[in-house]
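Shown next, in C-alpha cells, is the structure this report addresses.
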Amino acid sequence: MCLAALLALPAQSRAQGNYFITYTHHMEEPGNLEVATKSVSGFPRGGNSFMGNALEFEYGVKTWWTSEIYLDSQTTANESSVFTGFRFENRFRPLLQEHWINPVLYAEFENINAADKALLEVVGHDGVADFLDRNNRHEKKREAELKLILGSNVKGWNLAENFIAEKNLRGNPWEFGYALAVSRPLSLAASPDACRFCRENFRLGAELYGGLGDRYSFGLHDTSHYLAPTVAFHVPSGPTFTISPAAGLNSNSHGFLLRFGVAYEIDQVVSRLRGKR
Amino acid sequence: MMAWQKSLAVIAALLLCATFLLASSVGDGTWKTRVPEKERARENPYDSQANAVAAGAKLFRQNCSSCHGSEATGTDKRPNLHSDRIRNSTPGELEWLLKNGSMRNGMPSWSRLPEQQRWQIVSYLKSLQ
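Just so you know, the protein sequences line up as chains A and B, in that order.
Per this note's numbering, numbering of the first sequence is gapless, rising by one per residue and ending at 277.
Per this note's numbering, numbering of the second sequence is gapless, rising by one per residue and ending at 1129.
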C-alpha cells in the first residue's frame, strides 16, 4: 500500500538503476528518493527454488553523498517466506568533477541472517551449495562491506568496475569479490517527440560478477561467477523496469538466475513533505 | 567492546571524517572559472538542427524541471535559467556544466546522459529568452 501511495506521486527524473550488482559512479540527485525492488529467482539443482527480494530506498543527501537502506526477504518453495534483515549503505564521491575514471567510496553495514537470498553481491567462496540448506534464520550475519567503485562514460557507453571487500564482524576473514558492467542506450540523441517507446528509453548492457576468495585463499579457486545481459526500460515520468538473466560460469555457480527490478524516483521528496511543492 | 563493534566504530569514524572533509569544500559558486578554454570554445553540433530545441525541452522536463521548474524559471533555492548568466554563457560552457555539475553548489553531474542529449539540452537553454 505504501508503494502504491509512492507511485501516486508524479515522478519526473529517471531512476538510476541500469544494473543489479554493479554500482556506477552516478549518484542520486540531492533531495530525490528512489524506491526500487530487486528480485532474483534461482532454481538450484538438488535444492528448492527461491525468490530473493530487496526493497531499496535510496536518497540523495548531497551531490556527492548517497545513502540507502535495503530491506531483504525471500521465499523458498516447500519452505517459508521470511524477512531476512536490512542493509544500510553510503556512497561518497571524492572528486567533484567528471574524469576519465571516477572513483566512489562505498561503505555498508548488513544485519541479515543465513536465510538471506537477495544475492546483491557475490564474494569469497559464495556458491550454489549455500542455497541447498533449509532456511536458517537463527544464524545472524553482521557484516561490513567496503567497495571501490570506478565508473566512466565514453562515447555513450557506461563502464563500471567494483572491487568488493566484505567481513563478517564476528571474526571471519575478509572476503573479496568483483563486479564489472557495461551498457549503452539504444539511441544517444533524444527524439523530439513525447514517446513512451523511444529508443533512448531502452538501455542494453551486461554484467560480470563473482567471488575472489578470502584473505587466506585469495583467487578464483572454489568461487562462483556469473555473466548477465541486462535490459532497462525507462517509462518517461514513470518507473524504470530492468531484467537480467544470469548464467553461471562454473560448477560452483547457480546454473541460471533471473533478476528483475522496478525503480521509481520521487523528486525532491523533502520539499513535498514540507508542502513546498 | 567486541571485535565487530570495534570494526564498526572504525568504519563509522572513517565515514564521519570523509563527510567533514567533503563538507568543508562546499559553496563557492564559480563554476564558469573552472571551464577549460578548449571546452569553452566548443560549438553545439545540434545548432543547425530544427528538432534539437524540442528534444532538449523534453529532456529538460524529464531531468531538470524538478529543481529548475517546468518553465526553467527556478524553484525554492534553485536558479531561474532565464538569466543573463545563461544567455552570456557559451554552448561549450553550458555543456561542461551539465557534464561536470557544480557539486559544491548542489548542481549534480549529468554525465549519465549521453553527450548528444546534453547538447540538446544546451540548445533548449540557449532558446530561453
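Quick reminder that beta carbons are idealized off the backbone N, C-alpha and C, glycines included.
Since we're looking at a predicted model, the values are computed, not measured.
Using 8 Å as the threshold, is the C-beta distance between residue i and residue j below it?
i          : j          : result
ARG1042(B) : GLY1092(B) : yes
GLY248(A)  : SER224(A)  : yes
GLU166(A)  : GLU143(A)  : yes
ALA114(A)  : GLU79(A)   : no
LYS141(A)  : PHE131(A)  : no
TYR106(A)  : ARG91(A)   : yes
ASP214(A)  : GLU175(A)  : yes
LEU186(A)  : ARG196(A)  : no
GLU98(A)   : GLY60(A)   : no
ALA1055(B) : SER217(A)  : no
ALA189(A)  : GLN1117(B) : yes
PRO150(A)  : MET1103(B) : It should be noted that the sequence gives Leu, not Pro, for residue 150(A). Against a cut-off of 8 Å, the Cβ pair of MET1103(B) and LEU150(A) comes out as no contact.
By alpha-carbon positions, which one of the options ends up nearest to residue i?
i          : options                                        : result
LEU1125(B) : GLY1101(B), ALA1052(B), SER1102(B), SER1066(B) : ALA1052(B)
ASN102(A)  : ASP222(A), SER152(A), PRO185(A), LEU188(A)     : SER152(A)
ASP1084(B) : TYR1046(B), THR1075(B), LEU1094(B), LEU1113(B) : LEU1094(B)
ARG974(B)  : VAL154(A), VAL82(A), LEU95(A), LEU146(A)       : Residue 974(B) is absent from the structure shown; chain B starts at 1001 and stops at 1129.
HIS234(A)  : ARG203(A), GLN97(A), PHE86(A)                  : ARG203(A)
THR22(A)   : GLY46(A), THR37(A), LEU208(A)                  : LEU208(A)
LEU120(A)  : ARG137(A), GLY85(A), HIS99(A), GLY31(A)        : GLY85(A)
ALA231(A)  : VAL182(A), ARG196(A), PHE83(A)                 : As written in the sequence, residue 231(A) is Val, which differs from the Ala given in the question. Ranking VAL182(A), ARG196(A), PHE83(A) by Cα distance to VAL231(A) puts VAL182(A) first.
ASN201(A)  : ALA179(A), GLY171(A), PHE241(A)                : PHE241(A)
GLU108(A)  : PHE88(A), TYR216(A), ARG170(A), ASN172(A)      : PHE88(A)
SER1065(B) : LEU55(A), GLY52(A), ASP267(A)                  : ASP267(A)
ILE243(A)  : SER253(A), LEU257(A), LEU146(A), SER251(A)     : LEU257(A)
GLY52(A)   : GLY171(A), GLY42(A), ARG184(A)                 : GLY42(A)
SER271(A)  : CYS1067(B), PRO1114(B), ARG1087(B), SER1127(B) : CYS1067(B)
ALA194(A)  : MET1103(B), LEU1059(B), TYR1046(B), ASP1047(B) : LEU1059(B)
ASP126(A)  : GLY255(A), LEU212(A), LEU55(A)                 : LEU212(A)
ASN1080(B) : THR1030(B), TRP1031(B), LEU1128(B)             : LEU1128(B)
GLU1037(B) : SER1123(B), PRO1108(B), THR1090(B)             : THR1090(B)
LYS1006(B) : GLY205(A), ARG170(A), GLU145(A)                : ARG170(A)
ALA54(A)   : ASN48(A), PRO173(A), GLU110(A), TRP100(A)      : GLU110(A)
Please confirm whether residue i has its beta-carbon closer than 8 Å to some beta-carbon of chain B.
i         : result
PRO173(A) : no
LEU188(A) : yes
ASP267(A) : yes
GLY156(A) : yes
GLN74(A)  : no
SER281(A) : Any question about residue 281(A) goes unanswered here, given that chain A covers just 1 to 277.
HIS26(A)  : yes
SER183(A) : no
LEU33(A)  : no
MET1(A)   : With a pLDDT of 47 at MET1(A), under the threshold of 50, the predicted position of this residue should be treated as unreliable, and no value is reported.
TRP64(A)  : yes
SER251(A) : no
ALA160(A) : no
ALA36(A)  : no
SER271(A) : yes
PRO30(A)  : yes
Would you tell me roughly how many angstroms separate the C-alpha atoms of residue i and residue j, rounded to the nearest one?
i          : j          : result
ASP72(A)   : TYR226(A)  : 21 Å
LEU33(A)   : GLY210(A)  : 29 Å
ASN1105(B) : LEU1097(B) : 12 Å
ARG134(A)  : VAL128(A)  : 13 Å
LYS1077(B) : ASN1063(B) : 17 Å
VAL82(A)   : GLY238(A)  : 30 Å
ILE123(A)  : TYR178(A)  : Ile is not the amino acid found at residue 123(A); the sequence shown has Val there. Each residue's alpha carbon lies about 8 Å from the other.
PHE20(A)   : LYS38(A)   : 7 Å
HIS25(A)   : SER67(A)   : 14 Å
THR75(A)   : ARG45(A)   : 17 Å
LEU1021(B) : TRP64(A)   : Reliability fails at LEU1021(B), whose pLDDT of 48 lies under 50, so the model's placement of it is uncertain and the value that follows must be treated cautiously. Roughly 12 Å between the two C-alpha positions.
GLY1074(B) : HIS1082(B) : 9 Å
ASN1044(B) : TRP157(A)  : 21 Å
ASN18(A)   : PRO229(A)  : 11 Å
Mind checking if residue i is an interface residue toward chain A, Cβ cutoff 8 Å exclusive?
i          : result
GLN1117(B) : yes
LEU1094(B) : no
PRO1114(B) : yes
ASP1028(B) : Model confidence at ASP1028(B) stands at a pLDDT of 43, short of 50, so the residue's coordinates are unreliable; what they give is reported in the following sentence. Cβ-Cβ to chain A under 8 Å: no for ASP1028(B).
ARG1104(B) : yes
VAL1122(B) : no
PRO1108(B) : yes
GLN966(B)  : This structure cannot speak to residue 966(B), because chain B is shown only from 1001 to 1129.
ASP1076(B) : yes
SER1066(B) : yes
ASN1080(B) : no
SER1127(B) : no
GLY1101(B) : yes
SER1111(B) : yes
Contact criterion: CB-CB distance below 8 Å. Does residue i meet it with respect to chain C?
i        : result
PHE83(A) : You won't find chain C in this structure, because its protein chains are A and B.
| field | Contact list for the stretch 133-153 of chain A against chain B, Cβ threshold 7 Å | value | ARG142, ALA144, ASN153
| query | Of the residues that make up the stretch 221-238 of chain A, which ones have a beta carbon closer than 8 Å to any beta carbon in chain B? | reply | PRO236, SER237
| said: Any C-beta of chain A within less than 7 Å: which residues of the stretch 1043-1058 of chain B qualify? | reply: ASN1051, ALA1054, ALA1055, LYS1058
| field | Contact residues within the stretch 80-102 of chain A, judged by C-beta distance below 9 Å to chain B | value | ASN90, PHE92, ARG93, PRO94, LEU96, GLN97, GLU98, ASN102
| request: Check each residue of the stretch 194-209 of chain A: if its Cβ is closer than 8 Å to any Cβ of chain B, include it; give the result in chain order. | output: ALA194, GLU200
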